[in-house]
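Structure first, commentary second.
Residue numbers (full-length UniProt numbering): 1 to 52.
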(Lines of atoms letter the chains of each structure in order from A; the text may use other names.)
(Lines give C-alpha, C1' and ligand atoms only; values in the text may rest on other atoms or scores of the structure.)
Protein backbone atom coordinates (compact mmCIF):
# COMPACT_ATOMS: atom_id res chain seq x y z
CA UNK A 1 0.00 0.00 0.00
CA UNK A 2 1.17 3.49 -0.66
CA UNK A 3 0.60 6.19 1.93
CA UNK A 4 -2.24 8.62 1.31
CA UNK A 5 -0.47 11.62 2.79
CA UNK A 6 2.92 13.20 2.11
CA UNK A 7 3.28 11.75 -1.41
CA UNK A 8 3.99 13.82 -4.51
CA UNK A 9 4.53 13.01 -8.13
CA UNK A 10 7.93 14.10 -9.37
CA UNK A 11 7.52 16.79 -12.02
CA UNK A 12 9.87 19.12 -13.78
CA UNK A 13 13.59 18.67 -14.34
CA UNK A 14 15.04 15.21 -14.05
CA UNK A 15 18.72 14.67 -14.69
CA UNK A 16 19.60 12.35 -17.56
CA UNK A 17 20.08 8.72 -16.60
CA UNK A 18 23.44 7.02 -17.11
CA UNK A 19 23.40 4.19 -19.66
CA UNK A 20 25.80 1.26 -19.44
CA UNK A 21 26.55 -1.10 -22.31
CA UNK A 22 27.99 -4.55 -21.59
CA UNK A 23 30.23 -5.86 -24.37
CA UNK A 24 30.88 -9.30 -22.90
CA UNK A 25 30.63 -11.34 -19.71
CA UNK A 26 33.51 -13.57 -18.69
CA UNK A 27 33.83 -15.99 -15.76
CA UNK A 28 37.18 -17.54 -14.82
CA UNK A 29 38.69 -16.64 -18.18
CA UNK A 30 35.91 -18.11 -20.34
CA UNK A 31 33.56 -15.79 -22.22
CA UNK A 32 29.90 -16.48 -21.44
CA UNK A 33 28.35 -13.94 -23.79
CA UNK A 34 29.76 -11.61 -26.38
CA UNK A 35 28.15 -9.32 -28.89
CA UNK A 36 28.56 -10.28 -32.55
CA UNK A 37 28.76 -6.73 -33.85
CA UNK A 38 30.05 -3.94 -31.64
CA UNK A 39 27.71 -0.96 -31.76
CA UNK A 40 29.40 2.43 -32.07
CA UNK A 41 27.65 5.30 -30.32
CA UNK A 42 28.59 8.82 -29.35
CA UNK A 43 28.71 7.94 -25.64
CA UNK A 44 31.79 7.22 -23.55
CA UNK A 45 32.64 3.58 -22.93
CA UNK A 46 33.53 2.47 -19.42
CA UNK A 47 35.16 -0.91 -18.74
CA UNK A 48 34.55 -2.46 -15.34
CA UNK A 49 36.58 -5.47 -14.22
CA UNK A 50 35.85 -7.18 -10.90
CA UNK A 51 38.39 -9.53 -9.34
CA UNK A 52 37.67 -12.04 -6.60
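Glycine residues also receive a C-beta, built at the ideal position from the N, C-alpha and C atoms. From a predicted model like this one, the values you see are computed outputs, not experimental measurements.
Considering only residues of the stretch 8-33, which uninterrupted beta strand (DSSP E) runs meet the minimum length of 3 residues and lie entirely inside it, listed in chain order? 24-27
Inter-residue Cα distance where the pair is residue 15 and residue 31: The straight-line gap from Cα to Cα measures roughly 35 Å.
Throw me the rounded Cβ distance for the residue 33 and residue 25 pair, which I believe falls under 8 Å. 5 Å
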